[in-house]
Structures are given as structure tokens and as C-alpha cells.
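Student:
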Amino acid sequence: MNLNKLLITADRISTWAGKAFAWLIMILMTVVCVEVFKRYILNAPTAWIFDAENMLYGTLFMMCGAYTLAQDAHVRGDFLYSSMRPRTQAILDLVLYIVFFIPGVIALVYAGYDYAAYSWSIGEHSNVTANGPPVYQFKTVIPIAGVLVMIQGLAEIVRCAVCLKTGRWPDRLKDVEEIDVVEEQLAQSEYVDEESRKRAIESVHDIDEAAKQRAATKGAER
């Protein structure tokens, strides 16, 4: 198995976890809607709903962290970063990963494991409300999410090393983008003939490719 396959495998693990837990947003939305109906229409609020919402959103947030990193979608100062050459980007990323990311995630996994183990040992329940729901299963998500982020972070460090050597970023696992949504919408339209559909899709691809080339050229000129 070559290096690129290892990187793509790490991307697949992160993507699988992120997409699997992304469905929690549907459960969370349902819980909120039902609670709003019960609270304001039936005047019968649920005592533990605040805890449930926190745990659902917290799990979603943590378990999708590695997926976001795999898609290079975490917030950064793009107005500066995107103007740098790939090797300069790789140097900056590598320094930040080594100085901040690795120690921070190690601390998260270590503290999270201790936090979850203690919670299980005492059968911890939420103290926000009387007879609150158990929280030990929620706290177990902390070290698990940390391990997933660490795996993806190590893959990103390897990507930085490859970029420093070759001058270009290694490929990532492709995920759904806006351009894919356009294609799907055109494919399902009953009002667009096949020839017009093909021309529209080709035009969208040309615009996307031209934008990527302009960004790459701008970075190379710096």
C-alpha cells in the first residue's frame, strides 16, 4: 500500500464517522420541534430535554471534527493562506500541527479518557435537572473523537511532508461539493433537455476549474 492510499484510508475513516454521526442533526431537529410543540402548545415541557439537546449537539460537533479536517474545511485566515505557495503553506501547517495540534489532542484524549472513566465509575447523571439523564456515555465520546482527530491530524502531517518534497498537495478523498448538487438538480429537471443539460454541466466544470487554476497561479507567483 503506497503513501497516497494510506492518506485516503485515513480520509475514509474520518468521512465515514462524520457522515454517520451527521444524522444526529435530524434527531436533534426532531427533538427540538417536538419539545417546542409540547412546551408551547400542550404546556407540558420535558425536564431533561436541555440535557438531551446538549448531548446530541455535542456528539455531532465532536464526531464530525475529523471529517471536517479531512475535507480541509476548518476555519483559517484564507485571505493570507490562499496566497502562499504550497510549500509555504505546508511549512506553516506543519509548525502549527507540531506546536499546537499534537499536544492539544493528546491532552484531549488523556483528559477525556480520565473524565469518561470516572463518570462510568460513579454512574454519573446530569445535575442540571432533577433526575437528569446519564452522561457517562456522552463523555465517552470525548476520547473517541480525540483519537479520530489524531488519526486525521497525523495524515495531515504526512501531507505536509509530501508537499514539502514535491511542491504540490497530495490528493484528498473527494466529497460532495456544490458543483455535484448542480449536476444532480439538472439531472432531475423535467424542463431541461439533454443537450442543454450537458452544456450547463460543462460550463459549471469550466468555471470551477478556471477558479482553481487562478488560485494556484496566484499562489505560485508569490
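Here the sequence shown is numbered in our numbering, starting from 310 and rising by one per residue.
Cβ atoms here follow ideal geometry from the backbone N, Cα and C, with glycine treated the same way.
Can you confirm whether the segment 467 to 484 touches the segment 439 to 453 when touching is taken to mean that 3 or more C-beta pairs between the two stretches lie within less than 8 Å?
Tutor: Contact fails: fewer than three Cβ-Cβ distances are below 8 Å.
Student: Alpha carbon to alpha carbon, how far is Tyr-406 from Thr-368?
Tutor: The residue labelled residue 406 in the question sits at position 97 within the sequence shown. The residue labelled residue 368 in the question sits at position 59 within the sequence shown. Taking the straight line joining both Cα atoms gives about 24 Å.
Student: Would you call the segment 401 to 420 and the segment 450 to 460 touching, i.e. three or more CB-CB distances under 8 Å?
Tutor: Yes: at least three Cβ pairs fall under 8 Å.
Student: Output the distance between the C-alpha atoms of Cys-342 and Gln-380, rounded to the nearest integer angstrom.
Tutor: Here residue 342 refers to the residue found at position 33 when the sequence shown is read from its first residue. Here residue 380 refers to the residue found at position 71 when the sequence shown is read from its first residue. Roughly 31 Å separates the two Cα atoms.
Student: How about Val-414 and Met-371: do their beta carbons lie closer than 8 Å?
Tutor: One-based indexing of the sequence shown puts residue 414 at position 105. One-based indexing of the sequence shown puts residue 371 at position 62. No. Outside cutoff.
Student: According to DSSP, is Pro-442 helix, strand or coil?
Tutor: The residue given as residue 442 occupies position 133 in the sequence shown. Here Pro-442 sits in coil by DSSP.
Student: Measuring straight from C-alpha to C-alpha, what distance separates Ile-317 and Leu-482?
Tutor: The sequence position of residue 317 within the sequence shown is 8, counting from 1. The sequence position of residue 482 within the sequence shown is 173, counting from 1. Taking the straight line from one Cα to the other gives about 6 Å.
Student: Which value, in whole angstroms, describes the spacing of the CA atoms of Tyr-349 and Ser-435?
Tutor: Here residue 349 refers to the residue found at position 40 when the sequence shown is read from its first residue. Here residue 435 refers to the residue found at position 126 when the sequence shown is read from its first residue. Cα to Cα, the separation comes out at about 25 Å.
Student: Cβ of Ser-391 versus every heavy atom of the ligand MN: is any distance shorter than 7 Å?
Tutor: Because no ligand of any kind appears in the structure shown, any question about the ligand MN cannot be addressed here.
Student: Assign Leu-389 to one of two classes, buried (16 or more other C-beta atoms within 10 Å of its C-beta) or exposed (fewer than that).
Tutor: Taking the sequence shown and counting its residues from 1, the one referred to as residue 389 is at position 80. The residue in question, Leu-389, is exposed, as its Cβ has fewer than 16 Cβ neighbours within 10 Å.
Student: Are at least three pairs of beta-carbons, each pair with one atom in the segment 426 to 434 and one in the segment 393 to 413, less than 8 Å apart?
Tutor: Too few Cβ pairs lie closer than 8 Å, so no.
Student: Looking at the unbroken alpha helix (DSSP H) that takes in Lys-347, where does it start and where does it end?
Tutor: Within the sequence shown, the letter at position 38 stands for residue 347. Note, Lys-347: alpha helix (DSSP H), 333 to 349.
Student: What residue range does the alpha helix (DSSP H) around Leu-365 cover?
Tutor: Reading the sequence shown from its first residue, position 56 is the one you call residue 365. 358 to 372 is the extent of the alpha helix (DSSP H) around Leu-365.
Student: Which of helix, strand or coil does DSSP assign to Thr-526?
Tutor: Here residue 526 refers to the residue found at position 217 when the sequence shown is read from its first residue. At Thr-526, the pLDDT of 46 sits below 50, so the modelled position is not reliable; the number obtained from the coordinates is stated separately. It is helical.
Student: Do Ala-375 and Ala-326 have their CB atoms nearer than 8 Å?
Tutor: The sequence position of residue 375 within the sequence shown is 66, counting from 1. The sequence position of residue 326 within the sequence shown is 17, counting from 1. Taking 8 Å as the Cβ cut-off, Ala-375 and Ala-326 qualify as a contacting pair.
Student: On a Cα-Cα basis, can you pick out the residue from Ala-356, Leu-457, Ile-322, Glu-362 that is closest to Met-335?
Tutor: One-based indexing of the sequence shown puts residue 335 at position 26. Looking at the Cα atoms, Glu-362 is the closest of the given residues.
Student: With a CB to CB cut of under 7 Å and the five nearest residues on each side skipped, what residues in its chain are close to Thr-324?
Tutor: Locating residue 324 in the sequence shown gives position 15, where the first residue counts as 1. So the qualifying residues of the chain are Tyr-376, Ala-379, Leu-482, Asp-484.
Student: Which residue spans inside the segment 431 to 484 form an unbroken beta strand (DSSP E) run of at least 3?
Tutor: Counting whole runs of 3 or more residues, the segment 431 to 484 contains no beta strand (DSSP E) stretch at all.
Student: What residue range is occupied by the uninterrupted alpha helix (DSSP H) comprising Arg-396?
Tutor: Taking the first residue of the sequence shown as position 1, residue 396 is located at position 87. Start and end: 395 to 405.
Student: Whole angstroms is fine: what's the gap from Phe-409's alpha carbon to Gly-462's?
Tutor: For the purposes of this step, residue 409 is taken as the residue at position 100 of the sequence shown. For the purposes of this step, residue 462 is taken as the residue at position 153 of the sequence shown. If I take the Cα positions, the gap works out to 11 Å.
Student: To the nearest whole angstrom, what separates the beta carbons of Met-364 and Phe-447, a pair I think is in contact under 8 Å?
Tutor: Position 55 of the sequence shown, counted from the first residue, corresponds to residue 364. Position 138 of the sequence shown, counted from the first residue, corresponds to residue 447. Yes, Met-364 and Phe-447 are in contact; Cβ-Cβ is about 4 Å, under 8 Å.
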